[in-house]
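The block underneath contains the structure these notes are about, expressed in structure tokens.
2 protein chains.
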Amino acid sequence: MSHVVYGCLMAVDRDHVLRSAAALLTRKSTATMDEVAKAAGISRATLHRHFAGRDALVLALEALCIAECETALDAARLDDGPAHDAVRRLVREIEPAAGLLAFLYTESQLFEGDAQNKGWTRIDDRVATLFRRGQAAGEFRIDLTPAWLTEALYGLLASGAWAVSEGRVAGKDFTHMIAELLLGGAVRREES
Amino acid sequence: MSHVVYGCLMAVDRDHVLRSAAALLTRKSTATMDEVAKAAGISRATLHRHFAGRDALVLALEALCIAECETALDAARLDDGPAHDAVRRLVREIEPAAGLLAFLYTESQLFEGDAQNKGWTRIDDRVATLFRRGQAAGEFRIDLTPAWLTEALYGLLASGAWAVSEGRVAGKDFTHMIAELLLGGAVRREES
DNA sequence: ACCACATGAGACATCTTTGTCTCAGCACGG
DNA sequence: CCGTGCTGAGACAAAGATGTCTCATGTGGT
Numbered sequence: 003m004s005h006v007v008y009g010c011l012m013a014v015d016r017d018h019v020l021r022s023a024a025a026l027l028t029r030k031s032t033a034t035m036d037e038v039a040k041a042a043g044i045s046r047a048t049l050h051r052h053f054a055g056r057d058a059l060v061l062a063l064e065a066l067c068i069a070e071c072e073t074a075l076d077a078a079r080l081d082d083g084p085a086h087d088a089v090r091r092l093v094r095e096i097e098p099a100a101g102l103l104a105f106l107y108t109e110s111q112l113f114e115g116d117a118q119n120k121g122w123t124r125i126d127d128r129v130a131t132l133f134r135r136g137q138a139a140g141e142f143r144i145d146l147t148p149a150w151l152t153e154a155l156y157g158l159l160a161s162g163a164w165a166v167s168e169g170r171v172a173g174k175d176f177t178h179m180i181a182e183l184l185l186g187g188a189v190r191r192e193e194s
Numbered sequence: 003m004s005h006v007v008y009g010c011l012m013a014v015d016r017d018h019v020l021r022s023a024a025a026l027l028t029r030k031s032t033a034t035m036d037e038v039a040k041a042a043g044i045s046r047a048t049l050h051r052h053f054a055g056r057d058a059l060v061l062a063l064e065a066l067c068i069a070e071c072e073t074a075l076d077a078a079r080l081d082d083g084p085a086h087d088a089v090r091r092l093v094r095e096i097e098p099a100a101g102l103l104a105f106l107y108t109e110s111q112l113f114e115g116d117a118q119n120k121g122w123t124r125i126d127d128r129v130a131t132l133f134r135r136g137q138a139a140g141e142f143r144i145d146l147t148p149a150w151l152t153e154a155l156y157g158l159l160a161s162g163a164w165a166v167s168e169g170r171v172a173g174k175d176f177t178h179m180i181a182e183l184l185l186g187g188a189v190r191r192e193e194s
């Protein structure tokens with residue numbers, strides 16, 4: 003049954019192509035289908051066989067990113083323990099997806115009727131719920147809305163991903179920089 | 003001497019076109035030259051008479067943004083008083099340019115040899131110097147590098163501008179949300 | 001009234017990207 | 001050894017954006 007093997011190979015290739023595209027578009031968001039194909043080591047024709055067009059590719063990248071974010075959200079166990087530790091876990095888990103997230107975050111400024119809107123909303127809600135929980139527990143200040151904290155997290159992830167990719171900050175500091183700034187801010191505090 | 007009047011009119015129009023373009027590109031970063039022209043209430047031909055092409059337009063927008071940022075930096079008096087108050091003043095003063103800054107911040111991910119690089123570097127340096135001053139004064143924590151704090155400021159300004167333009171956060175909270183998150187973080191603290 | 005000059009409208013060629021198609025090569029299983 | 005079917009290379013047209021050009025129009029100063 004060749005189509006089983008075929009299906010398997012397709013899946014592997016599709017995933018590889020998707021990850022190559024993510025890596026490239028993270029660095030150059032305006033990359034051509036041709037450049038994406040070359041980056042994946044395949045021809046443009048084959049790229050088109052996997053993804054009907056650029057829209058389909060971006061859509062698939064959205065689906066991938068949403069899946070990775072959900073995985074990170076699960077792995078971070080947002081409901082366990084103090085909210086600030088959950089935030090640290092979340093940043094750590096979501097780091098591998100930060101570049102792709104940054105690409106889609108800016109790209110999606112244009113999407114009117116986003117087909118993946120439901121997926122993004124789910125993620126937004128889970129993150130916002132974490133911040134709300136922290137506020138309810140008295141851990142987080144209440145003058146910053148959960149919506150803004152969520153938005154700020156995305157912004158910091160994007161900034162961090164770009165800053166790392168351009169060598170302005172060290173990659174190993176990514177998690178610490180983002181989580182600690184988001185949690186504690188720039189001001190030095192006496193209490194640990 | 004018609005060319006004096008002419009020169010004056012040119013300057014006025016050019017500025018108006020530039021600001022219309024900034025407002026449009028803030029919302030839709032892929033807007034066409036035609037859309038930019040319509041947004042400014044002029045024809046594409048006239049737009050081309052003012053700006054040789056899209057590159058020239060973006061370059062002029064960079065120059066405008068740099069100028070506005072420098073003005074904001076001056077107005078914020080970064081060397082006066084506590085660094086954290088200087089940061090608050092800076093965020094307040096730079097708010098009007100935040101949208102344009104967000105556009106150029108993402109757009110410039112592509113610019114290799116940025117003609118305005120010197121201008122951006124100057125701004126980066128002034129902001130980083132502020133954070134360094136705060137660290138030296140013991141106000142700011144030293145585990146977050148000035149470069150990262152600068153980058154984070156840009157990221158938060160961009161997030162804030164988008165969140166406001168899409169109605170996810172209230173425009174009147176812009177300054178407070180950004181400055182207080184950047185300074186104090188999400189964690190509630192006892193000390194004022 | 002005349003003239004200079006900026007403007008708007010539109011035609012036009014060009015360039016880039018995209019999407020589709022064909023064809024030959026090649027690997028893989030039967 | 002022989003097909004099946006995926007792949008790469010390339011040709012092709014279509015679409016969108018850009019840059020340039022011309023011409024008619026209107027406005028403002030002389």
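As given, the protein sequences belong to chains C and S, one line each in that order. Per my numbering, residue 3 is the first one in the first sequence, and the count goes up by one each step. Per my numbering, residue 3 is the first one in the second sequence, and the count goes up by one each step. Where is the CB? At the ideal position from N, CA and C, for every residue including glycine.
Under the three-state reduction of DSSP output, V166/S falls in the helix class. Burial of I68/C is indicated by the presence of at least 16 other C-beta atoms within 10 angstroms of its C-beta.
Within its own chain, the residues whose Cβ lies closer than 8 Å to the Cβ of R143/C, once the five positions on either side in sequence are excluded, are Q137, listed in chain order. Secondary structure of V171/C (DSSP, three-state): coil. Membership of R79/S in any alpha helix (DSSP H) is not indicated, and neither H nor E is assigned to it by DSSP. At a Cβ-Cβ threshold of 9 Å, R91/S and A77/S count as neighbours. Shown here, F113/S sits in coil according to DSSP, grouped into three states, outside any helix or strand. For K30/C, the chain S residues whose Cβ falls inside 7 Å of its Cβ are L112, in order along the chain.
The C-beta of G187/S comes closer than 9 Å to at least one C-beta of chain C. Per the coordinates, the alpha-carbon of T32/C lies some 16 Å from the alpha-carbon of R21/C. If you check the CB distance, L132/C and A85/C come in under 9 Å. Counting the other Cβ atoms within 10 Å of the Cβ of R134/S gives 16 or more, which makes it buried.
Around the Cβ of A54/S, a 10 Å sphere holds fewer than 16 other Cβ atoms; the residue is exposed. Taken in chain order, the whole alpha helix (DSSP H) runs of length 4 or more contained in the region 45-79 of chain C are 46-52, 56-77.
For T147/S, the C-beta contacts it makes with chain C under 7 Å involve V171, in order along the chain. For H52/C, none of the residues of chain S pass the 7 Å Cβ criterion, the least Cβ distance being about 25 Å.
For the set A130/C, V189/C, G115/C, V93/C, the Cα lying nearest the Cα of G162/C is the one of V93/C. Judged by their CB atoms, L151/S and A188/C are nearer to each other than the 9 Å cut-off. The region 45-64 of chain C and the region 108-122 of chain C touch, with three or more beta-carbon pairs separated by less than 8 Å. By the rule that beta-carbons nearer than 9 Å mark a contact, V60/S does not touch chain C.
Beta-bridge analysis with DSSP links V189/S to F142/C. According to the DSSP assignment, A42/C belongs to the alpha helix (DSSP H) that extends over 35-42. Judged by their CB atoms, A58/C and A41/C are not nearer to each other than the 9 Å cut-off. Identification of residues in the region 74-98 of chain S having a C-beta nearer than 8 Å to some C-beta of chain C yields H86, V89, given in sequence order. Assigned with DSSP and collapsed to three states, S31/C falls in coil, not helix or strand. Put simply, the CB of I125/C is far from chain S, with every gap to its CB atoms at 9 Å or more. When secondary structure is reduced to three states using DSSP, Q118/S falls in the coil class, being assigned neither helix nor strand. CA-CA distance, L184/S to L159/S, rounds to 10 Å. Residues of chain C whose Cβ lies closer than 7 Å to the Cβ of L183/S are, in chain order, L146, A154, G187. When C-beta distances to chain C are compared with 9 Å, the residues of the region 133-144 of chain S below that value are F133, G136, Q137, G140, E141, F142, R143, I144, in chain order.
P98/S is the residue among E192/S, P98/S, E72/S, A139/S whose C-alpha sits nearest the C-alpha of G173/S.
Residue contact check for W122/S against chain C: no CB pair falls below 9 Å. Cβ contact annotation for R79/S (same chain, cutoff 8 Å, sequence separation greater than five): A88, R91, in chain order.
A39/S counts as buried, since at least 16 other C-beta atoms from the protein chains shown sit within 10 angstroms of its C-beta.
For L49/S, the closest Cβ of chain C is not nearer than 9 Å.
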